[in-house]
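In what follows, a structure is listed as C-alpha cells, so that the remarks can point back to it.
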Amino acid sequence: MKYCVSCNCGNVEVSVNFPHPIEKYQARECNCDFCRANGLAYLSDPNGTLSLTAKDPMKQLKQGSLQATFWQCARCMDIVAVTHSNHKETKGAVCKKLFEAKYLVQPSVCVSPKDLTPTEKLNRWNAAWSTVIDT
Ligand SMILES: [Zn+2]
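The opening residue of the sequence shown carries number 3 in the working numbering; numbering runs sequentially from there.
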C-alpha cells in the first residue's frame, strides 16, 4: 500500500510502501528528550520501503548516540523521518505527524531506545525500520 504525504510547507515529499494499510500500524513514540520536545513518533514496516524527495535540501540532525540521522525540512522545520545507514543499506522510519494529518493511524506505543546499548539499538532498527530507496 502506497502512501504519500508532504511536510507542512510542501518542500519535502515522503512516500512509504507498506505491506498493510497504514491504519494498522502503531507508531513508536520515543521518550528521549529530543523526540519528546518535538512530539515525534515513528512509523515503519521492516518489509516496507520509504523515500524522501526535497526541492530545497533538507537539514540533517544528529541526536543522542549520533547513530541516527533526523531529516528536517529547511523551510518549515518539520522533521519528516529518521534514518540509519549501515555498510549495505539505509533503513528508516517516517514521522507519524505527517501521516496523521491525512490518514487515520493507531495511538502510539512508547519505546525507550535510550535505555538500549548502541548495538541493541542497531538491532532494533534493522528489525523494525523500512528500507530507504531513492526515487
Ligand atoms: Zn517544509
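Glycine included, C-beta positions come from ideal geometry on N, C-alpha and C. On a predicted model such as this, the values are computed, not experimentally measured, just so you know.
- Message: Short of 7 Å in beta carbon distance, which residues of its chain neighbour S110, apart from the five on each side in sequence? Order them along the chain.
- Response: Your numbering for residue 110 matches position 108 in the sequence shown. Once the five neighbours on either side are set aside, the close Cβ partners of S110 are Q28, A29, R30, E31, A43, K98.
- Query: Quick check: the stretch 47-58 against the stretch 17-24, are there 3 or more CB pairs under 8 Å?
  - Reply: Flag = yes, the stretch 47-58 and the stretch 17-24 touch.
- Could you check where the alpha helix (DSSP H) with L100 kicks off and where it finishes? Within the sequence shown, residue 100 is the residue found at index 98, counting from 1. L100 -> alpha helix (DSSP H) spans 98-102.
- So is M60 buried or exposed if we call it buried at 16+ other beta carbons inside 10 Å? One-based indexing of the sequence shown puts residue 60 at position 58. Classification for M60: buried.
- Query: Just to check, is the beta-carbon of N40 closer than 6 Å to a non-hydrogen atom of ligand 1?
  - Reply: Start at 1 with the first residue of the sequence shown, and residue 40 comes out as number 38. Result no, Cβ not under 6 Å from ligand 1.
- Message: I want to check one thing, is the minimum distance from the CB of N49 to the heavy atoms of ligand 1 below 6 Å?
- Response: For the purposes of this step, residue 49 is taken as residue 47 along the sequence shown, with counting starting at 1. No; taking the cut-off as 6 Å, the Cβ of N49 has no heavy atom of ligand 1 nearer than that.
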